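Residue numbers (the UniProt record's numbering): 1 to 471.
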């Protein structure tokens, strides 16, 4: 009764135009309800997508492929470092506009400070030793050398080790998870995690595809093969950015293998329900399944979800159309590469960072961490192949792909960080993810939570697994 009274008071508190808009939407909802229900029933029948097969190596596929797993060590040399320094020393800087902050991209005044630190203080050999503190491996899958880290915890007594794969996105790398690894592999009252962190093919130390068409479905299939090769019949998955889509595809292909899917970025299908909630949500949020926090994060909708995306998605259009053109310059200039990558670590951590001359980068990250991620791209020459992943995934309308038309039925946990690029309310996520076990409004953090807020993300993953395991 209280909700009905609130609904009545709210409705009659609106002006006439707003009342007419809501009445019109209600009529449209009644008409469209049957169609929508029928469509969702049809979609819900599709519970899996084909695993498929592929070959991404050079030349023709051989009759047999080496399936052994080999240890791998990150290495560097004096020659590699000298070449880097020579290129840095030849950098041509451009003065920024006055009072422009990061609004025009990476501010050149602050860039000079970052480059000076990189050239004179940053110790790549020390960072390489740090990278090698966890065991690295490579194995050949579908013609590609796939790099991954495999961390086995120290188990005590009857403590259970739950297999967990963490998948990064762009412009990140496996290194994003180095701060969260020790938190996940601790004892959590009877269980711990055995963690596998692969590099997406074309990123870092994973070989780049030699053929066109390598998208998230191909990456998902390769990572499923990797887990099978490691002897895991059931496991947990966690991802953000591209890792969110790849792990979602893995859950769609083999739901019998995925005990739980945890995401820190979630994209919803657009449709009538979403449109209706955008219109009604600011006025009657509970009517469309919104909380007050959803309203705060979503609205004003045009400013936060349309205009802001237009401002921040220029890179996406370049990489989804002509990645090789822009990539050539980045692959040849270490300073250009650093500016291109680190600008994302600024704005995607908090949009207000665009107003600061230093982009707020050192508020959440250390220069050593940021430059280590850049060096993984630089030393492997993988920026172009990483950018191509956008081209392959947007070569056709993503909404027409089979995975976009198939629900996800495995137990799912969502961690909604307040500074994520786009907010996805639980009611929107439920359109695709049919079994949401946990949905957490995180108190702080943005697009790179494993590096920015490792304890918050680790705790949410742990609580999610406890719910699944009934611990």
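The C-beta atom is built at its ideal place from N, Cα and C for all residues, glycine as well. No experiment lies behind these values; they were computed from the predicted model shown.
**Message:** Quick test of the definition: if touching needs 3 or more C-beta pairs under 8 Å, does the region 375 to 385 touch the region 199 to 215?
**Reply:** yes
**Asked** What does a CB cutoff of less than 6 Å around residue 327 pick up in its chain, not counting 5 residues either side in sequence?
**Response** 383, 384, 387
**Item:** As assigned by DSSP and simplified to three states, the class of residue 74
**Value:** coil
**Prompt:** Cα separation between residue 440 and residue 301?
**Reply:** 21 Å
**Request:** Quick one: grab the DSSP three-state call for residue 48.
**Result:** coil
**Every unbroken beta strand (DSSP E) within the region 237 to 266, with a cutoff of 3 residues, ordered by chain** = 258 to 263
**Message:** Taking contact to mean 3 or more Cβ pairs, one atom from each stretch, closer than 8 Å, check whether the region 255 to 274 and the region 217 to 236 are in contact.
**Reply:** yes
**Prompt:** Using 8 Å as the threshold, is the region 423 to 435 in touch with the region 271 to 282, meaning 3 or more CB pairs across them?
**Reply:** yes
**Asked** How many angstroms separate the CA atom of residue 295 from the CA atom of residue 416?
**Response** 13 Å
**Prompt:** What are the start and end residues of each continuous alpha helix (DSSP H) run of 4 or more residues lying completely inside the region 83 to 123, in chain order?
**Reply:** 108 to 120
**Request:** May I have the straight-line CA-CA distance separating residue 161 from residue 151, to the nearest angstrom?
**Result:** 11 Å
**Request:** Ignore the nearest five residues each way along the sequence and tell me which others in residue 421's own chain have a CB closer than 7 Å to its CB.
**Result:** 312, 348, 447
**For residue 412, the residue or residues it bridges with in DSSP** = 261, 436
**Prompt:** Sorted by chain position, which residues of the same chain lie with C-beta nearer than 8 Å to residue 128's C-beta, five sequence neighbours on each side aside?
**Reply:** 74, 75, 76
**Prompt:** Where are the beta strand (DSSP E) runs, 3 residues long or more, that stay fully inside the region 254 to 335, in chain order?
**Reply:** 258 to 263
**Asked** Out of curiosity, what's the CA-to-CA distance linking residue 218 and residue 212?
**Response** 11 Å
**Prompt:** Would you report the Cα separation of residue 410 and residue 123, rounded to the nearest angstrom?
**Reply:** 44 Å
**Request:** List the whole-angstrom C-beta distance separating residue 144 from residue 56, where the pair is believed to meet the contact cut-off of C-beta under 8 Å.
**Result:** 5 Å
**Asked** Considering only the beta carbon of each residue, do residue 246 and residue 450 sit closer than 8 Å?
**Response** no
**Message:** Between 81, 106, 69, which has its C-alpha nearest residue 360's C-alpha?
**Reply:** 106
**Request:** Find the nearest neighbour of residue 196 within the set 156, 250, 137, judged by alpha-carbon distance.
**Result:** 137
**Asked** Can you pull the DSSP bridge partners for residue 370?
**Response** None; residue 370 has no bridge partner.
**Item:** Expected contact under 8 Å - CB spacing of residue 389 and residue 202 to nearest Å
**Value:** 6 Å
**Request:** Would you mind giving the Cβ-Cβ distance between residue 252 and residue 48, rounded to the nearest angstrom? I have them listed as a contact below 8 Å.
**Result:** 6 Å
**Prompt:** Do you know whose CA, among 198, 191, 65, 192, lies nearest residue 72's CA?
**Reply:** 198
**C-beta contact flag for residue 445 and residue 221 at 8 Å** = no
**Prompt:** Should residue 371 be labelled buried (16 or more other beta-carbon atoms within 10 Å of its own) or exposed?
**Reply:** buried
**Message:** Using the three-state DSSP reduction, which class does residue 405 fall into: helix, strand or coil?
**Reply:** helix
**Item:** DSSP-derived helix/strand/coil call for residue 156
**Value:** coil
**Request:** Whole angstroms is fine: what's the gap from residue 91's alpha carbon to residue 65's?
**Result:** 44 Å
**Message:** According to DSSP, simplified to helix, strand and coil, what is residue 375?
**Reply:** helix
**Request:** For the alpha helix (DSSP H) containing residue 142, list its first residue and its last residue.
**Result:** Looking at the DSSP string, residue 142 is not in any alpha helix (DSSP H), and its letter there is neither H nor E.
**Prompt:** Do residue 452 and residue 365 come within 8 Å of each other at the CB atom, strictly closer than that value?
**Reply:** yes
**Short Cβ contact (8 Å threshold) for residue 467 with residue 438** = yes
**Message:** Once DSSP output is grouped into helix, strand and coil, what is the label at residue 228?
**Reply:** helix
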